[in-house]
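Protein chains: 2
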Amino acid sequence: MSEQQSRGFLLKQRAFLKLYLLDIIDKQKGYGSQMLDDLRKEMKEYGYNPTHSEIYKTLHELYKEGIVSREKKIKGEPGVDFQEIVIYRMTDKGKEEMKLYKKQMKVELERCVGLLNKALHDHYK
Amino acid sequence: MSEQQSRGFLLKQRAFLKLYLLDIIDKQKGYGSQMLDDLRKEMKEYGYNPTHSEIYKTLHELYKEGIVSREKKIKGEPGVDFQEIVIYRMTDKGKEEMKLYKKQMKVELERCVGLLNKALHDHYK
DNA sequence: CAATGAACATGTTGTTCATAA
DNA sequence: TTATGAACAACATGTTCATTG
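Line by line, the protein sequences give chains A and B. Per my numbering, residue 333 is the first one in the first sequence, and the count goes up by one each step. Per my numbering, residue 333 is the first one in the second sequence, and the count goes up by one each step.
Rendered as C-alpha cells:
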C-alpha cells in the first residue's frame, strides 16, 4: 500500500478514503454501502459527498493489495431478507501496513493543510 | 470566472493557481515563465511543483474569460535579446470579478482546511 | 536557447448500466 | 428493492513535441 504520495498539489480523494475505510474496517463497522452512508453523513457539513463507486473502488484496491479480506454474508435473519453484503476484515499484513500508511498520511495531510493555509495567509491577511 | 467550486472533495489545482496568478498579474509582476519560476520557489517547501503547461493553461483561461488582457513584448533591450514574452494585465471586468472570486475562494479554502483538519483530528488525536 | 503553446497521454473521478438474490 | 460491481464517459493534469525569433 505504500504507494507514493502524489507529491504534487493536494491529496487524492482515494488516499483520503483509504484512511477512513481502514479505520472503519479495523473497528468492524458495517459493509460497503453502510460505510458510504456513514461517511456521507459525517462529511456532509464539509461539503464532501463521496460516490458509491469511489468507495467500492477503494475497497477493491485494499483487497487487491492484501490489506483486507472479503467475506460474503446475508444481511438480516436468513429467510427474511436475502440481501447479500460483503464484510471486510484487516489481514495481519494489513494491520502492519496500516500503521505505516497512517504515519505517511499524517505527513501528507499536514503538508496539504500547510499549502492551503499559505494561500489563506497570502491572500487574506 | 464565477464557475462552480467543485463542491466535491478538495480544491482543484487550477482554482488555486488562478488565485495566485491573479494576484501576480494585479501587481504587474513578470510574464508566464517568470511566474512559474517564482511560484515554484515559493511552493517548494510545501512539496508543490507546478508544471509550465498548467500555468499557461490557467493564463489562457483567464484571457478567454476576459479577466486579463495580453500584450507581446521583447525582453531586454531590442537588438540584444529577441526573446518574445507575453505580458498580462487585469481588465476592468477582471478587477471586479477578482474581488468576487477571492471571496468565493476564501470560503472554499476554509472548507478544505476544515476537511483535512477533520481527518487529522479523527485519526491522530 | 528561452518562452510559449499545442498535442498527446495518463490519471482521477463521476455517471450509468448490469446483476444477484 | 439494496448492495455490489463493472463499463463507460468526463474531467483534470502531466509529458512530450513544435514553433518562434
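All C-beta atoms, glycine included, are put in the ideal place defined by N, C-alpha and C. Predicted model, so just to flag it, every value in this text is computed and none were measured.
Bounds of the beta strand (DSSP E) holding Glu-403(A) are 400-406. By the beta-carbon neighbour count (other beta carbons within 10 angstroms, threshold 16), Phe-414(A) is exposed. Under the 8 Å Cβ criterion, the stretch 423-438 of chain B does not count as touching the stretch 372-379 of chain B, having fewer than three qualifying pairs. For Val-400(B), there are no C-beta contacts with chain A under 9 Å, since the nearest C-beta of that chain is about 17 Å from it.
DSSP assignment within the stretch 334-398 of chain B yields no whole beta strand (DSSP E) run of 3 residues or more. With a beta-carbon spacing of about 5 Å, Gly-398(B) and Lys-425(B) fall inside the 8 Å limit used to define contacts. The secondary-structure analysis by DSSP pairs Met-422(B) across a beta bridge with Val-400(B).
Residue environment: Tyr-380(B) is assigned as buried (16 or more neighbouring CB atoms within 10 Å of its CB, all protein chains considered). Cβ atoms of Leu-343(B) and Leu-441(B) come within 8 Å of each other, at about 7 Å. Separation of the CB atoms of Ile-357(B) and Val-418(B) is rounded to 11 Å, and the pair is thereby denied contact status at 8 Å. Residues of the stretch 434-449 of chain A with a C-beta less than 8 Å from any C-beta of chain B: Lys-434, Met-437, Lys-438, Leu-441, Glu-442, Arg-443, Cys-444, Val-445, Gly-446, Leu-447, Leu-448 and Asn-449, listed in chain order.
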